[in-house]
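Residue numbers (mature numbering (1 follows the signal peptide of the UniProt record, and there is no 0)): -24 to -1, 1 to 171. Every residue gets a Cβ at the ideal spot worked out from N, C-alpha and C, and that includes glycine.
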Amino acid sequence: MATLPLSPLLFFVTISSHLASSTAASAHYLEAACNVTRHRALCMRSLESFSHSAAWKQKNPCWWARGAVAVTLTEANDVGRYLAKMKHGGRTRGGRAGRAMADCVECFGDAVAELRSSLGELRRLERGTFEYQMSNVETWVSAALTNQDTCLDGFGGYKGKEVGEVKAKVLNATYLTSNALALVNNLASSGAWRN
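Written out as structure tokens, the structure is:
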């Protein structure tokens, strides 16, 4: 059986060791970032793809806040489309349930716009206007969460499989938004304006 020469074997061991320590560091940065959120397991799952970036990004709270808002925006967009489809084709078209669904579609439209504005602002943070910009972002993400909660409240007295599915999707979006708000608040308090 042939053996590898020492130098390639040493190279392989060195690379493997570096990858393992890099993965451990990434997991550490992700866990540390998510520690400020209420839904930590969801935070870690939703931001896992962002943990494969350069270490200098992972150390910056701006990276995690932007990632969380981006993930939340995607989810809110998906839920908004789902709600619009349910509104037009589901069994909730008439009566109070139909009005609740229409309100939900509007609430999610507003939430998407607020999250989009937040992400845009996070992408152009500057030292001289950091506090003002972060105040805007905190307000918009908080408003997005309020809109999602309002949607959920509209279905408070309703039951059934279809309503249960709607509630589950909306609730997941609210958890992601809550996490994004926690990471945005953490960024605002850290003053780490560099992105």
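Excluding the five sequence neighbours on either side, which residues of its own chain have a C-beta within less than 8 Å of the C-beta of residue i, listed in chain order?
i: threonine 153; result: Thr48, Ala52, Ala87, Leu91, Val117, Ala120, Leu121, Gln124
i: leucine 95; result: Arg42, Val45, Ala46, Leu49
i: glycine 132; result: none
i: methionine 20; result: Leu6, Glu7, Cys10
Determine the contact status of residue i and residue j, defining contact as a CB-CB distance below 7 Å.
i: alanine 158; j: valine 12; result: yes
i: leucine 59; j: phenylalanine 84; result: yes
i: leucine 128; j: valine 146; result: yes
In or out: residue i buried (at least 16 other Cβ within 10 Å) or exposed?
i: tyrosine 5; result: buried
i: arginine 14; result: exposed
i: glycine 130; result: buried
i: alanine 144; result: exposed
i: alanine 73; result: buried
i: alanine 3; result: exposed
i: alanine 156; result: buried
i: alanine 31; result: exposed
By Cβ distance, which residues of its chain are closer than 6 Å to residue i, with the 5 residues on each side in sequence left out?
i: valine 81; result: Leu59, Ala60, Lys63
i: glutamate 7; result: none
i: tryptophan 40; result: Ala9, Leu159
i: proline 37; result: Asn162, Leu163, Ser166, Ala168
i: residue 174; result: In this structure the chain extends from -24 to 171, so residue 174 is not present and cannot be described.
i: aspartate 79; result: Gly130
i: alanine 76; result: Gly130, Phe131
With a threshold of 7 Å on Cβ separation, who are the neighbours of residue i within its own chain once the five nearest residues in sequence on each side are excluded?
i: glutamate 97; result: Gln109, Asn112, Val113
i: threonine 105; result: none
i: lysine 33; result: Trp39
i: serine 22; result: Val47, Leu152
i: glycine 136; result: none
Which whole-angstrom value describes the C-beta separation of residue i and residue j, a residue pair presumed to lie in contact below a C-beta threshold of 8 Å?
i: leucine 18; j: tyrosine 134; result: 25 Å between Cβ atoms; not a contact.
Looking at the ligand SAH, does it come within less than 6 Å of residue i, judged from the CB to the closest heavy atom?
i: alanine 76; result: As presented, the structure is devoid of all ligands, the ligand SAH included, so that no description of it is given.
Exercise for the section: Report the residue ranges of all alpha helix (DSSP H) runs contained in full by the segment 12 to 81; include only those spanning at least 4 residues, in chain order. Expected result: 16 to 23, 31 to 34, 37 to 65
Uninterrupted alpha helix (DSSP H) stretches inside the segment 125 to 169 (no shorter than 4 residues): 137 to 166
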